[in-house]
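S.K.: Residue numbers (the working numbering), protein chains in the order written: chain A, 333 to 737; chain B, 1470 to 1578.
What follows is the structure in structure tokens.
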């Protein structure tokens, strides 16, 4: 077969245009310049794409070059997940240094306030300074457990991280703008990472509306775990919406608006809706608040067989938008439970807590599960079946099987 | 008689195999055309075998567990910014079958 006959002529740069059938893709004129198209994409020497070649390959499971998960045992046993271990899930190509330009001059506009303004990053850094811990978790974390195999990355536990963010509280920014305009119902954050692609903003812009009240907890963050926010994680500026799924923490932030309606872009109206299998539509709930959840991080089938005797069963537990109150651990598949002990510092209700249960195990096979509660809700045994495999917090699927010798 | 029967079966099966092979080759050629031109999958995806270098969606050579069924499913229904080529009738069922066959047999090559 002569592939060359139909191989793409890269100089034509017309493949998004000029074809009537492509009206649905992106009605934009230009195609991605090849220099940009290649910028992030050749395989890194460690099997990671170039734009995240600084990450720890051994800590990561590569589902694709844009879907990279943290191993269950690599999310960080010291509470905060190291940047080089943190998962990657980007709907748009990560912006490059060249596309970002001078980071201090990065602009974000604030609208739906009494005095709308545009701030540079340098101006935001003069306005306020705060650090907080939150959990960044992809809406589809746990999708890999669904039996109907929903489309998308087959995450198990590792599309989640506990992160220290530094930035300016959104409330400080709102105050500087004279307060929120009357009638607003949502806080809508818009990224600009679609701009270099030239794609139709209605289809490609990452814009996410969350209930207005979230602004009281939210932050415009420029630092992640002590370093300037990496481009791959939305640098130089990102919205952080504590307690809300990852998609709402909009990367490469260009605008925050207090709005009466939810954004009309595809990523708000159609995507990230929790609908029954076989159904879809904007009438179904959006991926907003994260539910209470926990999972074991050690021992696991990744950490090898366990020697009989005293065993430390370690994991993480999160309360969603509420403080996590307790975690129970079972070594017999949920027949009996023991209360685990929280350890380490408490970084607030939006961070996860580490827990440990010290127990003695003799030789044999064990199913180890954890069950967290935030007082109001506790983890269900089973997953909530849904079309796209979102928001899984059932304890049974998240349990691990180990062999003690 | 037995030999004749054997030869007949042998000949038939050879012809059949050749036909299958030709059909597959034709599908691969047509699939490449759909990938690069008709559907412009190339605009958004890297696929070395097709010479494509798009950087919107995942590099198809890196997608774990990619196969005919998974490609057909995602091409039909779309995902995120990727259009639903089947649901929105951008491609015909035959075209989706062909491009899915092509991608599934081209990844990593």
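Glycine included, every Cβ here is placed at the ideal spot set by N, Cα and C.
With a 10 Å radius around its C-beta and 16 neighbouring C-beta atoms as the bar for buried, classify residue 618 of chain A as buried or exposed.
M.R.: Flag for residue 618 of chain A reads buried.
S.K.: In this structure, does DSSP put residue 540 of chain A in helix, strand or coil?
M.R.: Here residue 540 of chain A sits in strand by DSSP.
S.K.: By the DSSP assignment, the beta strand (DSSP E) with residue 616 of chain A in it spans what residues?
M.R.: Note, residue 616 of chain A: premise wrong, no beta strand (DSSP E); not H, not E.
S.K.: Could you round the C-beta distance between residue 506 of chain A and residue 547 of chain A to whole angstroms and report it? I think they count as a contact, below 8 angstroms.
M.R.: Residue 506 of chain A to residue 547 of chain A, Cβ: 6 angstroms. Contact.
S.K.: At a CB distance below 8 angstroms, what residues from the segment 396-408 of chain A approach chain B? Give them in sequence order.
M.R.: Flagged, chain order: 396, 397, 398 and 399.
S.K.: Considering only heavy atoms of the ligand SAH, does any lie closer than 8 angstroms to the CB of residue 1473 of chain B?
M.R.: The ligand SAH is absent from the structure shown, which contains no ligands of any kind.
S.K.: Who are the near neighbours of residue 1540 of chain B in its chain, counting only those whose CB is closer than 8 angstroms to its CB and skipping five residues on each side?
M.R.: 1568, 1569, 1572 and 1573.
S.K.: For residue 386 of chain A, which of A/499, A/596, A/737 and A/565 has the nearest alpha-carbon?
M.R.: Considering only alpha carbons, the answer is A/565.
S.K.: Roughly how many whole angstroms lie between the Cα atoms of residue 719 of chain A and residue 595 of chain A?
M.R.: When rounded, the distance between both Cα atoms is 22 angstroms.
S.K.: Short check: CB of residue 447 of chain A to CB of residue 523 of chain A, under 9 angstroms?
M.R.: In this structure, residue 523 of chain A does not lie closer than 9 angstroms to residue 447 of chain A by Cβ.
S.K.: Below 8 angstroms on C-beta distance, what does residue 607 of chain A contact in chain B?
M.R.: Per Cβ cutoff of 8 angstroms: no residues; residue 607 of chain A is ~13 angstroms from chain B at best.
S.K.: Indicate whether residue 672 of chain A and residue 651 of chain A have their beta-carbon atoms separated by less than 9 angstroms.
M.R.: Going by C-beta atoms, residue 672 of chain A is not nearer than 9 angstroms to residue 651 of chain A.
S.K.: Any C-beta of chain A sitting closer than 9 angstroms to the C-beta of residue 1563 of chain B?
M.R.: False, the Cβ-Cβ gap to chain A never drops below 9 angstroms.
S.K.: Can you tell me where the alpha helix (DSSP H) with residue 1554 of chain B in it begins and where it stops?
M.R.: Unbroken run through residue 1554 of chain B: none, as it is neither H nor E.
S.K.: Short of 9 angstroms Cβ to Cβ, which residues in the segment 634-667 of chain A face chain B?
M.R.: Those residues of the segment 634-667 of chain A that come within reach of chain B (Cβ to Cβ, closer than 9 angstroms) do not exist; the list is empty.
S.K.: Run through the DSSP bridge pairs and tell me what residue 554 of chain A is partnered with.
M.R.: Per DSSP, none; premise fails for residue 554 of chain A.
S.K.: Is there a Cβ from chain A that is less than 9 angstroms from the Cβ of residue 1526 of chain B?
M.R.: Chain A, which has a Cβ nearer than 9 angstroms to the Cβ of residue 1526 of chain B, makes this yes.
S.K.: Leaving out five residues on either side along the sequence, give the residues of the same chain with a beta carbon under 8 angstroms from the beta carbon of residue 708 of chain A.
M.R.: Once the five neighbours on either side are set aside, the close Cβ partners of residue 708 of chain A are 654.
S.K.: Going by other Cβ atoms of all chains shown within 10 Å of its Cβ, with 16 needed for buried, is residue 735 of chain A buried or exposed?
M.R.: By the neighbour-count rule (16 or more Cβ atoms within 10 Å), residue 735 of chain A is not buried but exposed.
S.K.: Should residue 1539 of chain B be flagged as near chain A, meaning a C-beta pair shorter than 9 angstroms?
M.R.: With 9 angstroms as the cut-off, residue 1539 of chain B counts as an interface residue toward chain A.
S.K.: Just to confirm the assignment, what range does the beta strand (DSSP E) spanning residue 427 of chain A have?
M.R.: Element bounds for residue 427 of chain A: n/a, residue is neither H nor E.
S.K.: Using 10 angstroms around the beta-carbon of residue 714 of chain A, count the other beta-carbons present and answer buried if the total reaches 16, otherwise exposed.
M.R.: The residue in question, residue 714 of chain A, is exposed, as its Cβ has fewer than 16 Cβ neighbours within 10 Å.
S.K.: My output table needs one value for residue 1506 of chain B: the three-state DSSP class, helix, strand or coil.
M.R.: Helix at residue 1506 of chain B.
S.K.: With 9 angstroms set as the bound, which would you pick, yes or no: does the beta-carbon of residue 484 of chain A sit closer than that to a beta-carbon of chain B?
M.R.: Closer than 9 angstroms to some Cβ of chain B, the Cβ of residue 484 of chain A qualifies, so yes.
S.K.: For the alpha helix (DSSP H) holding residue 1562 of chain B, just list the boundary residues, first then last.
M.R.: Run containing residue 1562 of chain B: 1562-1573, per the alpha helix (DSSP H) assignment.
S.K.: Below 9 angstroms between beta carbons: does that hold for residue 424 of chain A and residue 538 of chain A?
M.R.: Cβ distance < 9 angstroms, so residue 424 of chain A and residue 538 of chain A count as in contact.
S.K.: Note down the Cα distance separating residue 498 of chain A from residue 549 of chain A, rounded to an integer number of angstroms.
M.R.: If you take the alpha carbons of residue 498 of chain A and residue 549 of chain A, they lie about 13 angstroms apart.
S.K.: Tell me where the alpha helix (DSSP H) around residue 604 of chain A begins and ends.
M.R.: Where residue 604 of chain A is concerned, there is no enclosing alpha helix (DSSP H), given that its DSSP letter is neither H nor E.
S.K.: To which residues of the same chain is residue 599 of chain A closer than 6 angstroms at the C-beta, ignoring the five residues directly before and after it?
M.R.: Excluding sequence neighbours, residue 599 of chain A sits near 538.
S.K.: What do you get for residue 371 of chain A, buried or exposed, if any count of 16 or more other CB atoms within 10 angstroms of its CB means buried?
M.R.: In this prediction, residue 371 of chain A has a pLDDT of 35, which is less than 50 and means its spatial position is unreliable; nothing more can be read from the coordinates.
S.K.: Looking at the secondary structure, which residues open and close the alpha helix (DSSP H) in which residue 1417 of chain B lies?
M.R.: In the structure as shown, chain B begins at 1470 and stops at 1578. Residue 1417 of chain B is therefore absent and cannot be evaluated.
S.K.: If you run the structure through DSSP and keep just helix, strand and coil, what is residue 528 of chain A?
M.R.: Reduced to three states, the DSSP call for residue 528 of chain A is helix.
S.K.: Taking a contact to mean a Cβ-Cβ separation below 9 angstroms, would you say residue 704 of chain A touches residue 658 of chain A in this structure?
M.R.: A contact, by the Cβ cut-off of 9 angstroms.
S.K.: In chain order, what residues of the same chain have a beta carbon less than 7 angstroms from the beta carbon of residue 352 of chain A, not counting five sequence neighbours either side?
M.R.: Per-residue confidence for residue 352 of chain A stands at a pLDDT of 31, beneath the threshold of 50, marking its modelled position as unreliable; the derived number appears in the next sentence. For residue 352 of chain A, where only same-chain residues beyond five positions count, there are no Cβ hits under 7 angstroms.
S.K.: Check for me: the alpha helix (DSSP H) holding residue 458 of chain A runs from which residue to which?
M.R.: Its alpha helix (DSSP H) spans residues 453-459.
S.K.: I'd like to know if residue 1549 of chain B contacts chain A, where contact means its C-beta is closer than 9 angstroms to some C-beta of that chain.
M.R.: With 9 angstroms as the cut-off, residue 1549 of chain B counts as an interface residue toward chain A.
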